Structure formats: structure tokens, C-alpha cells
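Inspection log for the structure reproduced underneath, given as C-alpha cells.
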Amino acid sequence: MPVKPDMLLRRTLFWPTAFLISAPGLPALLMLMLASALLGAQDHNPFAGDPKAAKAGEFEFRINCAFCHGLGARGGGRGPDLTRARKRHGDSDAELFRTINQGVAGTAMPPNGTTGQGVGMTDEEIWQVIAYLRSVQVKTPEHPLGNAAHGKELFYGDANCSGCHMLEGKGGRLGPDLTSVGGARAAGYIVDSIRNPSRRLAQGLTEATKEFPQEYETVTVVTPEGKQITGVTLNEDSFTVQVMDANQQIHTFAKDKLRSFKKTRTSLMPAYDTSLLSDKDLQDLVTYLLSVGAK
Amino acid sequence: MRATRVTRLNYALCVLLVLSGLAIDARAQVTAARIANSSKEPQNWLTYSGDYAGRRFSTLDQINAANVHSLVVKWVYQTGATGKFETTPLVVDGILYGTGPDNRVFALDAHTGRPIWLYQRQLPADIRPCCGRVNRGVAILGDKVFLGTLDAHVMALDAKTGNVIWDVAAVDYKNGYSFTLAPLAVKNLIILGVSGGEYGIRGFIDAYDADTGQQKWRFYTVPAPGEPGHDTWEGDSWKIGGAPAWITGTYDPETNQLFWPTGNPSPSNRGEGRAGDNLYSNTLLALDADRGKLNWYFQFTRHDEHDWDATQVPVMIDQGAKHLIAQANRNGFFYVVDRASGKLLLANPYGKVTWSDTKDADGRPVAMKGSAPTPEGRRICPGAAGTTNWMSPTFDSQTGLFYVNAREQCDIFSTAPQPYEAGHAYYGSAYFPADDTEPYWGALRAIDPASGKIKWEFRHPSPSWSGVLSTAGGLVFTGDAEGNFIALDAASGKPLWHFQTGGAVYAAPMTFALDRKQYIAIAAGSALYTFSLP
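Keeping their order, the protein sequence lines are chains A and B. Residues 0 to 294 (numbering that gives the first Met the number 0) are what the first sequence spells out, left to right. Residues 0 to 533 (numbering that gives the first Met the number 0) are what the second sequence spells out, left to right.
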């Protein structure tokens, strides 16, 4: 099968409209969506607690969902960790059904059947996927073990996270906005990202304000005038690069005019080891991020 | 060097002058003879790959390495459609014929881009395209253009009005069948292969009478009981064996043979239940064009479990007295086979390959133990989209090099058993990006078909889905996923010119000439761009 290319590309001009079927098919599509929304508008999963349905749902999940949400629903580059009990767009069966069937506007989550691959899942198959998600979901929500108030102080104070990261509209712009990270990623993932930020860059995470995934690679250029500038890539193609420097200034360069151009996947973010951030402070910080994400 | 170029340019202008004179007389009809001799009228682009040989090479050289830096946009046509725009337009005597998503067909004034007619098929709501509501172009013969549709119909439209002349259903689309390729016009036949390898179809290649739409022959790419090759399928698995044929093949008028490649066995990433080689999946078929009878075949990937569709244009090339077919395959190997017998002559990797480290007695790369997908997932290179996919390569008769966009990407392949249900997606598989420290990237590669060695490469920041065009101007043209359309020196790979189109390229470039001016065209985003010298 020729695979769904839009999902395989990074830095690609991503067409949000590519998920929409164009005009002539649209009324029919809306009718279909309406019909299936009515059909699926039951409150409870008919397969709740059925291990056979959960198994079938696991395969459906792999085919339809795991590309973004990862094997075992533990989250991938683009998609949130779905083993968490709390789902950002609703936890109930009916809400999950709606999220899967209709997608989430303004995010990379497409409506069922519009990924350009296949004809989507039937209502029955969606319920099987929900049965599967219930089977892998952690039984208790992640308890905020630390002190969120102290975490907030660290975020905006000593740990200086806010120098580069924005949270609910306040903070810096060099790194990813972390408002929703606590709702999308498990605590372990966040801990790992703080202790070892270069291990996994924010690859493929599509933000609401971007039509393409930004990877936050570190770039160092020497301009034609001999000035060295280090920052993160905002975007790049074969001939140009758009960079935000540490002072949050945006620079645009033609690569062939630069004296040098170096790009690495070593994050500009310092690795917060225990000398920079104790285990307890880390726990408080993560607790704060989880509490913001839970809103 | 300069003198040579000027001489070449003058020569080209003379040829063009003479030909544009001839073209006026020939305007009425596109004959099969004209397509067979397409190199004699380089101002036109008469078939998907530019010629029957699949070379996508043009003798036009007005735009060349010395002046390409001054290329400018001549006109842009907006389809108004969303989704991947994969067309290679045809140009015949000043009229351009192209297709857009959802089976739109448009005829434009090739001088200006102004529409002459538009045809929009009313598609059923429940069609089964696997990978977008795409189409790659039309064929032209006589006074008709021919379209394969997403609901598995074959249509003839009047070339002057877009009116429907005939419309036949090839097969029931509800069982997962569709057409996405540009048909091939051969003699008085319209030939096309079916898509649907992810729906458990039984693949076929069809030929229709261009005048009436009557089906003249069908070659099933999965043999029925009693036919040779049937024993390569376990039990009843042949009935849903896949092997679609969704890219336009090539044709040798001298031997009256079609060379048509096929795609994956179904389900694509799960071999359980279909033990055997699974003929004729992932195979190059040499068919008698009149009757659709099999002359020979070469299977690139036996019992495929990685979705290694062989649906890449099989390019006819000649090395001295040797008549060959070269194909850069999705599985990561560049193959050269003898055109008369299908005998394998060369199989060299042209990208990172981890699924095969051995070859059989015939020199064919075979899957190694421990490469099959597992329920837990297994990392394999190339990734699910392959080292290349359907995007057209080009063979440049001047440099003797074969150019193709290669993808450097590994994926985790996982099995996901599914029962077969007619018309439902039947992958048996799933894939995920590998958690690599190095992100995906791509490269335009120039391959020497004599050795299979890579002569040069031009790196793309991410894998490109663009085809490639080569011209006698010493240039290759290609696009990238970031929206650039790029001209490179064919000998060295040095980029000489680029233009940001604003949309990812999922199509192959072509070239034509009008009033002594050479044009280059490329579909990008939802627009068709044409370029020429100022």
C-alpha cells in the first residue's frame, strides 16, 4: 500500500485541509458523520469489560491510532499517552467515542476515516478500541505526589523554566509551550525530558499554531558579516532556515549566503541533573505541570 | 562549452520551428504512432512518462544549465481542490490536459493556463481510496482523453469539450477497487491497472477498446486454480491476494510487449495464511499488448511481508546492444533485468536496507530470517514507504544516469491480525516511526545503471514524494516536501535554481514547448505551475 505520506513527513508543508474531503463530497460526508454520530451516541460501551473486544480493539488501534499514539497507546511523537486515566478531551465512553469519530478541531487528531488511508472504523470497531484503551489505562490517576505550589515557584523562579517555556500565556518562546504537556504526557516522560532533554527532541509534536511539526533542533550559523548566532530551528528547507535565537529574536537566512551552518539534535535546553534540580524539586515541578495539564 | 551550448540552442530552435509547423497539420489526432515517436515532437508530452520507454527525458534544451537561473513563473492554475495533487499533465499542440483530486479533469490553454473545459466526476460517498482521493493523469488517443476513476470506472472524454464519450465500470468499487494511475494508450487500446492492495482485492490489468470502451482483455495478477503460479498461494488466499497494478507501465513497440509492475500481496505485512511466493505480487510482468498474455515475469520480492510494492516505473534503457529494464524498487534495491527474458542482471541497494542480506542463486535479494514483522514490532529499513515509492524516476540518455528520489527512513513494522471482510481495509499490519535520533531525510540520487553505483546525491531535509524529469539542457528537475521546485546540473547534482511553490510536491515534472519557448510544469500544493525563460 502506498502509505499516508502526510503523516510520515516532518518539516513538510502540512495541509490541515488535507483531512477534509473537498466540496462535492462534503454534504454526503456530513450526512454520514451525522448519522454515525447518532448511531454512536450511546453513553456506554457495549463491549465494556469484554477482553475479546479489547483484543480486537488492540489490532484496530495499531492500524488506525498507533502511528501517532504509539504501540501500547503510550504516546508517540505526535499523539498523547492514552494510558493515562485522564484524557484531555473527555474521559467518558461517549466523549472518547466522539473524540475518535469526529477528531479534535485545531489539533492533529483527524476525524475517523479522513486520514487518507482506508475508510475508517465502524462504530463497533471504535467501541472495541475504547475497550482496548480501558484495558491499558492505568488504574489510578497519577497522584500529584509533590508540592505544586513549590513547583510553580521553581518554574518561574530558580529553575528558570519560564525563560524558555510558556505556560498558560506566561513565559518564554524558545522551547515548546508546556501548557498541555501535563495532560498529554505521563510523569515519567516529563521527568525524562527534564533530566535528559536531548534524548528525545520534541519531534513531530504539532502545535496548534503550526501547520508543520517543529523539532527544536539546535542550529549555529555564522552570518556573512561573521556574526555567530545560536538558536532553535523554527523551520527549514533545502535553501533557507528560520531560527529563533536565545534572545527570542527571529532570524531568517539563505543557507548559501552563510559562512557556516551547523545543526545538531543536542537540545539547547540544559540537562537538569540532580545538581541543578533535586529529585524533590523535580517532583514538585512535575506535579505543577501535571496540575496545569489537568485543567 | 559556450559555443556548444549556443549551437545546441540554435539547433533546438530550428527543430522547434520545423516541428511547430508540422504540429499544425497533425493537430487533429493523436495516433499511437505519434506516441511511439514522441521524441520527434518534443514540444508535446503525449503520455504519462513522456515516452513509451518511461524515461521522462526531453530533448528540449532551450532551458539549460547556463540559463536556468533566470527561469520565471509563466502561469499558475489553481485546482481549488484539497488533497495530494499527483498529476503529470499531457500537452498536445498547445492544449494541456491534467487531473486533480476527486477525479477532476481539466483542459487548459497551455500558453496562459486559462481553462478550456473542466470535468468533475460525481463520486459515490463510499469509495475506497487507500491513500488519498488522488489521480495521476490521463491518456490521450485520437480525439479522446481517458481517465481511470476512484470508483473503478474507465472513461473516455471528448478532448475538445470534456463531454463523456463512454463510461464503463471495470469492477465493483465496493470491494475495495479503484483506479489512480494515468492509463496508457497503446495501438487502439487503453490499458490500466487497478489499485486496492489494502482491501484484499484480486489485482488485474485491463485493456479497453479506445473507440467503444469494450474490454479487450484482462490479466489477473493472481493466478486462479489451474493457472501457472497458482501453487504459490496457500489455500484460498489467492482470492484476496492483492497484487494491484497502480502505476502506469511501459511499452516496447518493437516487440509489442507491455512491462507492467505489480504491488503487494494482501494482507501487506502479514504472511501467515498465504505461504508461498505469492505470484505475481511485486513482480514485473511482460505482457503481449494485443492479448494480455504473459511472456515472462520477474518477481522482485517473494512472499513480501513489508509492503514492498514494485509499483515503480520500469524504465526501458539500452546499453549498446543490450536492451534492459531498470527499476529503483521500493524495497531498496536498484534492479536491471534483460528486456527479452526478464533475467536478472543487477540488484544493488541504493539506500539503507536491513531486510535482506543475502541473494538467491539468481542474484535476487531475499528476506533474511528475523526480518518479518512481529506483534511487538520490528525495526526495518527502509520504512513503510520504501526507499522510493510511486514517484517517477528519469533516465537521461545524455548522461546515461538514472535519477530517483530516495527516502532514508526506517520504521517499526508490526502485525495486526484482522479478518477479511469485503470492502474493508485489510492491512494485517501497522507501522510506526522508529524512535531514531536521526530524523528521516531524503535525497535525489543519480545511479549509474551499468554498475548500480550512486554517482551523486542531493540531500532533501525530509523525504521527497516528487518525480524527476531530465532534459537535454543538461538538467534534472525535481520537487521536495518543503515546497521547493529545483533544477540541478545533471552531471554533478549541483542545484542551479529553485522556486518555493508554497505546497508540497507529490507529482513529477514534465516539459513542453510553445511558440519556440520551452516550459517546465509541476503540480505542487493545489496548483499547477509552469516556468519558462523570461
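Even for Gly, the Cβ is constructed at its ideal location relative to N, Cα and C. Predicted, not measured: the structure shown is a model, and the values here were computed from it.
Self-check item: Burial state of T92/A, where buried means 16 or more other Cβ atoms lie within 10 Å
Solution: Sequence check: residue 92/A is Asp here, not Thr. By the neighbour-count rule (16 or more Cβ atoms within 10 Å), D92/A is buried.
Quiz prompt | Spatial neighbours of G49/B in its chain, beta-carbon cut-off 6 angstroms, leaving aside the 5 residues before and after | solution = R55
Practice problem: Count the C-beta pairs between the region 455-465 of chain B and the region 398-413 of chain B that are closer than 8 angstroms, then say yes if the count reaches three, no if not. | Solution: yes
Quiz prompt | Where H68/B falls, given that 16 or more other Cβ within 10 Å makes a residue buried | solution = exposed
Quiz item: In three-state DSSP terms, what is C130/B?
Solution: strand
Self-check item: chain A contact residues for H459/B, given Cβ-Cβ distances below 9 angstroms
Solution: D236, S237
Self-check item: Run of the alpha helix (DSSP H) containing S290/A, from where it starts to where it stops
Solution: 278-292
Quiz item: Is there a Cβ from chain B that is less than 8 angstroms from the Cβ of E224/A?
Solution: no
Exercise. May I have the straight-line CA-CA distance separating Q42/B from K351/B, to the nearest angstrom?
Key: 39 angstroms
Quiz item: In or out: H43/A buried (at least 16 other Cβ within 10 Å) or exposed?
Solution: exposed
Quiz item: If you scan the region 369-447 of chain B from start to end, which runs of the beta strand (DSSP E) of 3 or more residues do you find wholly inside it?
Solution: 377-379, 393-395, 400-407, 410-414, 428-432, 440-446
Quiz item: Taking C-alpha atoms, which residue in Q256/B, P364/B, D356/B, V314/B lies nearest to F299/B?
Solution: P364/B
Exercise. Below 6 angstroms CB to CB, which residues in the same chain sit around G119/A once its five sequence neighbours on both sides are set aside?
Key: N111, G112
Exercise. Measure from the alpha carbon of N255/B to the alpha carbon of each residue in I239/B, D488/B, L146/B, D289/B, then state which is nearest.
Key: D289/B
Self-check item: Rounded straight-line distance, which links the Cα of A325/B to that of T393/B
Solution: 10 angstroms
Exercise. Name the two residues that bound the continuous alpha helix (DSSP H) containing Y131/A.
Key: 122-135
Self-check item: Within chain D, the residues that L70/A reaches when beta carbons sit closer than 8 angstroms
Solution: In summary, chain D is missing from the structure at hand, where the protein chains are A and B.
Self-check item: CA-to-CA distance, A158/B to L146/B, given in whole angstroms
Solution: 12 angstroms
Quiz item: By Cβ distance below 7 angstroms, which residues in the same chain neighbour G398/B in space, the five residues on each side in sequence not counted?
Solution: Reading off the sequence, residue 398/B comes out as Thr, not Gly. Around T398/B: A489, A490.
Quiz item: Skipping 5 residues on each side, what residues in its chain have a beta carbon closer than 6 angstroms to that of I204/B?
Solution: G192, F218, A244, W259
Quiz prompt | Nearest candidate by alpha-carbon position, reference R61/A, set I129/A, G48/A, Q101/A, D49/A | solution = I129/A
Practice problem: Check the DSSP bridge columns for I99/A and list the partner residues they point to. | Solution: Paired residue(s): none; I99/A is not in a bridge.
Quiz item: Three-state secondary structure (DSSP) at N294/B?
Solution: strand
Quiz item: Out of curiosity, what's the CA-to-CA distance linking Y296/B and L284/B?
Solution: 5 angstroms
Practice problem: Taking only beta-carbon positions, decide if E481/B is within less than 8 angstroms of chain A. | Solution: yes
Quiz item: Is DSSP giving R273/B helix, strand or coil here?
Solution: coil
Quiz item: Taking the alpha helix (DSSP H) that Y118/B falls in, what are its first and last residues?
Solution: Where Y118/B is concerned, there is no enclosing alpha helix (DSSP H), although the beta strand (DSSP E) it sits in stretches over 114-119.
Quiz prompt | Residue of G262/B, T310/B, N263/B, V137/B minimising C-alpha distance to A209/B | solution = V137/B
Quiz item: Just how far apart, CA to CA, sit K186/B and Y250/B?
Solution: 11 angstroms
Quiz item: On the three-state DSSP scale, how would you describe H459/B?
Solution: strand
Quiz item: Does the beta-carbon distance from K497/B to F238/A come in below 8 angstroms?
Solution: The sequence shown places His at residue 497/B, rather than the Lys named in the question. Yes, the Cβ-Cβ distance between H497/B and F238/A is below 8 angstroms.
Self-check item: the region 505-524 of chain B touching the region 82-96 of chain B, judged by at least three CB pairs closer than 8 angstroms
Solution: yes
Quiz item: Helix, strand or coil: which one does DSSP assign to L144/A?
Solution: coil
Practice problem: Run down chain B in chain order and give the residues with a C-beta less than 7 angstroms from the C-beta of R61/A. | Solution: S413, A415, A429
Self-check item: Length of the line joining the Cα atoms of G492/B and G53/B
Solution: 21 angstroms
Quiz item: For A65/A, which residues in chain B fall below 7 angstroms Cβ to Cβ?
Solution: A429, F431
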